[in-house]
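S.K.: Take this structure first; my questions come after.
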Ligand code: SAM
Ligand code: SF4
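Written out as structure tokens, the structure reads:
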């Protein structure tokens, strides 16, 4: 008699780091003979990989969980797991709130899913949130794309931005060795991947926790050294990295990006606020003048580089005048893309305790005004692509138009053009840009189109 394989469904919230963790967990489940299912309502194992960066992401998880908890009452064979940052933040409390849960596991435990699952299948309710040394993983992730891949280079964050929950839930910095990173990239190349994005919450901290110093007295392993070390992996055509921190960003890194042809001309450097007093209250460790100098230096070496960032409006105590300084920074710099957010007080962070919180009305009004400006500026800036030939790495079919394929330029612009995916997937194609289109106001992702 054959039994049908167990099916799993993973829902991922939040950042690229969570998406990369989900891919690793999916790889582990498939190595245990689970099969992916698109439908959480019929899957045998349902895993929510959660985000707690803002309250609305967290609340969404509870509403999804409620439905699954009901299902579990009539289907005891269902395995129900909460992973990621809400799991880390809530720990045992989550089991009390949703007793139907089989497992609560923090992000540092993603690579241990197989072992933890064994304990669940033996009938235990598992909570895995203690800090651990993250092990190198030998299971292959199940990647969503066949062309581009994320590669973690540093886990955790040692910064203490006063609004941010990440250090509480992702722990202290742990860098992977350059050898392990290179080996993963070589393996990706063998599987046909063409582009790698190196990931870290504060990627400029890469290597600080690894041993060794140079004769000049700096850390032996830095992000810049890593780029030189992995640059010649045969078969990988493009390298990106995120997220950069203005406090630690160096001119040496910019020069490396200019010198190394596979490193794409795209920098994601959150500034959070354009006002020095707000930056200080956030404990960001730089001024808006320093941020502007970084962008000037990038543009000196690479005038056409795409610049994206994150910003928060309505931080506790932010005055209208201070918010105007954020608008001014955005107007002066002209970002290609900006992820904007209204400040959301997070449990266990200093700013959440302050008594100078702003009302939801003020925050949402500022968010709207900032988004409006960003949309205008990004649209203006996009015009530079018009009529130009851009190198596009083709990733997939356009889900909305099967006659078109889609890919990204070196500056990370989503681009659509007519073509056959079977012939073009994974190829880098020169594309003449004939139309520049905005398809979203918040975040203002803009697409480039060639209509051949
Ligand atoms: N490590 C990155 C950095 O230093 O900017 C970003 C990490 S965080 C996952 C992504 C973004 O979420 C941040 O850049 C910030 O803009 C936003 N964010 C973090 N905490 C927030 C909060 N409490 N309220 C609103 N937005 C927040
Ligand atoms: Fe959060 Fe600051 Fe660390 Fe970024 S650098 S993850 S914003 S604490």
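Residue numbers (our numbering): 1 to 452.
Cβ atoms here follow ideal geometry from the backbone N, Cα and C, with glycine treated the same way.
This structure is a prediction, so every number in the text was calculated from the model and none was measured.
So, at 6 Å on beta carbons, what are the nonlocal neighbours of residue 65 in its own chain, with the 5 sequence-adjacent residues on each side left out?
M.R.: Taken in chain order, the residues that qualify are 98.
S.K.: Please name the residue in 209, 338 and 201 whose C-alpha comes closest to that of residue 306.
M.R.: 338
S.K.: Would you kindly report the start and end of the unbroken beta strand (DSSP E) that includes residue 308?
M.R.: It spans 306-313 - the beta strand (DSSP E) in which residue 308 sits, taken as one unbroken run.
S.K.: Assuming residue 25 contacts residue 87 (C-beta within less than 8 Å), just tell me the rounded distance between them.
M.R.: Actually they do not touch by this definition, with Cβ atoms about 12 Å apart.
S.K.: In this structure, how does DSSP classify residue 341 when only helix, strand and coil are distinguished?
M.R.: For residue 341, the three-state secondary structure derived from DSSP is strand.
S.K.: Taking the DSSP output, what are the residues bridged to residue 268?
M.R.: 308
S.K.: Label residue 221 either buried or exposed according to how many other C-beta atoms from any shown protein chain fall within 10 Å of its C-beta, with 16 as the threshold for buried.
M.R.: buried
S.K.: Look up residue 8 in the DSSP assignment and say whether it is helix, strand or coil.
M.R.: strand
S.K.: Helix, strand or coil for residue 228, going by three-state DSSP, please let me know.
M.R.: helix
S.K.: Out of 276, 230 and 299, which has the shortest C-alpha to C-alpha gap to residue 319?
M.R.: 276
S.K.: Can you name the residues that DSSP bridges to residue 49?
M.R.: Partner(s): 12 and 83.
S.K.: Considering Cα atoms alone, identify which of 172, 407 and 354 is closest to residue 159.
M.R.: Ranked by Cα distance from residue 159, the first of 172, 407 and 354 is 172.
S.K.: Express the C-alpha separation of residue 10 and residue 370 in angstroms, rounding to a whole number.
M.R.: 34 Å
S.K.: May I ask you to report which of helix, strand or coil DSSP gives residue 37?
M.R.: coil
S.K.: Give the single residue among 215, 136, 381 and 415 whose Cα lies nearest to the Cα of residue 401.
M.R.: 415
S.K.: Measuring only the C-alpha atoms, how far is residue 267 from residue 91?
M.R.: 35 Å
S.K.: Would you kindly report the start and end of the unbroken alpha helix (DSSP H) that includes residue 71?
M.R.: 55-74
S.K.: Considering only their Cβ atoms, is the gap separating residue 23 from residue 141 smaller than 7 Å?
M.R.: yes
S.K.: Where residue 16 and residue 356 are concerned, what is the direct C-alpha to C-alpha distance, given to the nearest angstrom?
M.R.: 32 Å
S.K.: Bridge partners of residue 374, per DSSP?
M.R.: Partner(s): none; residue 374 has no beta bridge.
S.K.: Mark residue 406 as exposed unless 16 or more other C-beta atoms lie within 10 angstroms of its C-beta, in which case mark it buried.
M.R.: buried
S.K.: Just to confirm the assignment: which complete alpha helix (DSSP H) runs, minimum length 4, are found wholly within the region 256-302?
M.R.: Restricting attention to alpha helix (DSSP H) runs no shorter than 4 residues, the region 256-302 encloses them at 276-281 and 288-301, ordered along the chain.
S.K.: Comparing C-alpha positions only, which one of 396, 387, 321 and 112 sits nearest to residue 431?
M.R.: 387
S.K.: For residue 224, collect the residues of the same chain with a Cβ closer than 8 Å to its Cβ; drop the 5 residues on either side in sequence, then sort them by chain order.
M.R.: Result list for residue 224: 250, 252, 253 and 256, in chain order.
S.K.: Mapping the DSSP letters down to three states, classify residue 416 as helix, strand or coil.
M.R.: Looking at residue 416 - three-state DSSP - the assignment turns out to be strand.
S.K.: Given the structure, does residue 462 come close to the ligand SF4, in the sense that its CB is under 6 Å from one of the ligand's heavy atoms?
M.R.: Look at the range of the chain in this structure, 1 to 452, and you will see that residue 462 is not part of it.
S.K.: In this structure, how does DSSP classify residue 110 when only helix, strand and coil are distinguished?
M.R.: helix
S.K.: Going by DSSP in three states, residue 29 sits in which element: helix, strand or coil?
M.R.: helix
S.K.: Kindly indicate which three-state DSSP category residue 443 falls into: helix, strand or coil?
M.R.: No answer about residue 443 holds up, because its pLDDT of 34 lies below 50 and its placement is not dependable.
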